[in-house]
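In what follows, a single structure is set out as C-alpha cells and then discussed.
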Amino acid sequence: MHDFRYAGGVLCCEDVPLGRIAEAVGTPAYVYSKHTLQEHYRRLEEAFSGIPHLVCYSVKANSNLAVLAVLAAMGSGADIVSGGELYRALKAGIPAEKIVYAGIGKTEEEMAYALRQDILMFNVESETELLALDRVAGEQGKRARIALRINPDVDPLTHPYIATGMKEAKFGIDMEKALAVYQQAASLAHVEVLGVHQHIGSQITRVEPFRDSLEKTGEFVRRLHEHGIKVRFINIGGGFGIPYGGEEVPYPVDYARAMKPVLKEHRCTVILEIGRMIVGNAGVLLTKVLYRKRGGAKRFLVVDAAMNDLVRPSLYGSYHEIVPVEERERERETVDVVGPVCEAGDFLAKERAMPRVEEGELLAVMSAGAYGFVMSSNYNSRRRAAEVLVDGGDFAVVRERESLEDLVKGERILR
Ligand code: LLP
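All the letters of the sequence shown, read from the start, carry residue numbers -12 to 402 under the numbering used here.
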C-alpha cells in the first residue's frame, strides 16, 4: 500500500497535492508519507505478533532523522552499519538497547563508540573482527554482546549486487567454519554470545529463500545448543521485496507464516532488519521536465533529477514507475527519461512507454523512498535534493536542499 493517489486531477501525497510541495520547495525533491511509513511498520509488527520479535529498521534504506523519528515513535529499533548511522539512530530517539550493528568493516573507533553507547549487539562477520571487538571491549572493561553472521548459502533470486547470502559473497562466516568461531567467541573474556545473524539479500520477492535459509540457520542453532552454546536471538536480516511496477509480492504475513515453524521451535527472539519494505513505497522523487528533446533515434525527456539523485536505474537497471503529477487524457509515447548529468548512463527510465508530458510539468518517480536520497551524491557539483515529510494535510521540509556553500564546505584553496 501507499498514500500517493490522484485526487482532484492531481497526484497527492496523503492530502497534499505534489504541485504544492514543488511550488514551496522546488525540485528535485524527495517526498515521504508519514502514514505509509507507520502503516508498513504496523503490518510488519502484526505479521510477527505471536512470536517474540524486535523490528530493527535498516537505517541504510533511508536515514533521514525525521523518518527515523517516526519509526522510533512506533517502537522500532535500528540496524546500523556505521558510526554515522549509530549517531543518526540515537539522535532520532532510537534507544541503544534496540540497536544492532552489522557490516564487514567496522573500525575499532566505531566499535568503541557503539560499546560506549551500550547497543544491543554486534553482528560479527569474521574471526579477526571478533578478536578486535574482544580487545576493544576489554579496554572499556565491558563485554560486547554479539551474534555471528553466518552465511547460509542460499540463492535469494535477486540482483547479484544485492545478493549476500551465497558462498561467493564477501559477507558472513561460512556455515562449516561457523561452529568453531562460535566456540572461540564463547571462550573470549570480553564477548557474550547472544544470537545468530543471517542476511541473504535485498528486494527478495519470494518466501522460499527465507524459509530455506532459516531452516539451515535453525539446524545450526540446534548444533550450537548440542555444543553447549545457547543463543537467545535469531536475526533473519532484511530483504522483503516491494512492488516497483504493480507486480505481486508476498506480504509480511506470508513471510511470517513461512518462517514461524522454525522460529517457534527455537523460542528465540527474532530480529527483523527490514528497510525497503517499510520505506520504499513511502517515498517519491518529484522532478520537473526541463526539455523535450528528439535525438537521432529517440525521444528524450530531460528532467531536473539525475543519477546523482537516484542512482538505482543507472546502477542496477532498476525499474521505477514514472507518472505525471497532473492527471488528464494524454497520448502515449516511448521516451528515455534522462537527467542533466554528463554521463550516457544517467537515466531514470529507458524506452519507457508513458503518457506524453510537456516541458515544465512535474513527474513523480515512484517507490523512491528506499535507497534513494541515501545513495545520492554531489556528482557534477549538483546540490543534493530537499526531503519533505507529509503528514495528512501538512508537510515540512525535513532536509533542506543543499546550498552552493554546502557544496564546498570543508574545502580549502592552498596558496
Ligand atoms: N540487513 C543487512 C545486513 C543488510 O545488508 C541490508 C541491506 C538490510 C538488512 C536491509 O535490507 P532491505 O530490507 O532494505 O532489503 N542499494 C540497494 C540495496 C542494498 C541493500 C544492502 N543491504 C538497492 O537500491 O536496491
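C-beta atoms are modelled at their ideal positions from N, C-alpha and C, and glycine is treated no differently.
Just so it is clear, the structure is predicted and the values come from calculations on it, not from any experiment.
| Check | Outcome |
| --- | --- |
| Is it buried or exposed for alanine 284, if we count other Cβ within 10 angstroms and need 16 for buried? | exposed |
| Taking only three categories from DSSP, how would you classify valine 183? | strand |
| For my contact list, lysine 47 and isoleucine 91 are in at a C-beta cut-off of 8 angstroms; report their separation, rounded to the angstrom. | Going by Cβ atoms, the distance from lysine 47 to isoleucine 91 rounds to 14 angstroms, so no, they are not a contact pair. |
| Going by DSSP in three states, proline 248 sits in which element: helix, strand or coil? | helix |
| If we require 3 or more residues per run, which beta strand (DSSP E) segments fall completely within the region -3 to 41? | -3 to 0, 16 to 20 |
| Closest to valine 123 by C-alpha separation, out of Ala176, Ala292, Ala340, would be which residue? | Ala176 |
| Is it buried or exposed for glutamate 112, if we count other Cβ within 10 angstroms and need 16 for buried? | buried |
| Report the residue from Phe(-9), Leu24, Arg370 whose alpha carbon sits nearest the alpha carbon of arginine 263. | Leu24 |
| Does the distance from the C-beta atom of valine 312 to that of leucine 277 stay below 9 angstroms? | no |
| Per DSSP, what kind of secondary structure is glutamate 95 in: helix, strand or coil? | helix |
| Considering only heavy atoms of the ligand LLP, does any lie closer than 8 angstroms to the CB of arginine 299? | yes |
| For the beta strand (DSSP E) that contains proline 311, what are its first and last residues? | 309 to 311 |
| Return the first residue and the last residue of the beta strand (DSSP E) that lysine 337 is part of. | 334 to 342 |
| Going straight from the alpha carbon of leucine 250 to that of glutamate 314, what length do you get? | 47 angstroms |
| Determine, using beta-carbon pairs with one atom in the region 98 to 110 and one in the region 60 to 75, whether at least three such pairs fall under 8 angstroms. | yes |
| Helix, strand or coil for asparagine 222 per DSSP? | strand |
| Would you identify the three-state DSSP class for isoleucine 106, choosing helix, strand or coil? | coil |
| Which residues mark the beginning and the end of the alpha helix (DSSP H) in which aspartate 323 is found? | Looking at the DSSP string, aspartate 323 is not in any alpha helix (DSSP H); the run it does join, the beta strand (DSSP E), is 319 to 325. |
| Please identify the residue among Tyr358, Gly326, Glu32 whose C-alpha is closest to the C-alpha of serine 45. | Tyr358 |
| CA-CA distance, tyrosine 19 and tyrosine 74? | 22 angstroms |
| By the DSSP assignment, the beta strand (DSSP E) with aspartate 378 in it spans what residues? | 373 to 378 |
| Does DSSP put aspartate 161 in a helix, a strand or coil? | strand |
| Determine the closest residue to glycine 233 out of Gly205, Ile309, Leu391, Arg209, with distance taken between C-alpha atoms. | Ile309 |
| Within 8 angstroms: the Cβ of asparagine 138 and any heavy atom of the ligand LLP? | no |
| Any heavy atom of the ligand LLP closer than 8 angstroms to the Cβ of valine 68? | yes |
| Flag this pair as yes or no: are the beta carbons of leucine 272 and arginine 279 separated by less than 9 angstroms? | no |
| Under 8 angstroms, with one C-beta from each stretch per pair, do the region 49 to 61 and the region 204 to 216 reach the 3-pair mark? | no |
| Buried or exposed: where does glutamine 127 fall if 16 or more other Cβ atoms within 10 Å of its Cβ makes it buried? | exposed |
| If you drop the 5 nearest sequence neighbours on each side, which residues of the same chain put their C-beta closer than 7 angstroms to that of alanine 76? | Val46, Leu55, Ala65, Ile67, Ile86 |
| If you reduce the DSSP assignment to three classes, tell me which class isoleucine 191 lands in. | strand |
| Closest by CA to threonine 256, which one among Arg219, Phe(-9), Cys0? | Arg219 |
| Closer than 8 angstroms: is that where the CB of glutamine 190 sits relative to any heavy atom of the ligand LLP? | yes |
| With a 10 Å radius around its C-beta and 16 neighbouring C-beta atoms as the bar for buried, classify glutamate 260 as buried or exposed. | buried |
| Going straight from the alpha carbon of lysine 164 to that of asparagine 138, what length do you get? | 10 angstroms |
| Using 8 angstroms as the cut-off, can you tell me whether the region 139 to 148 makes contact with the region 178 to 195, which would need three or more C-beta pairs spanning the two stretches below that distance? | yes |
| Let me confirm a value: arginine 371 is counted as buried when at least 16 other C-beta atoms fall within 10 Å, else exposed. Which label applies? | buried |
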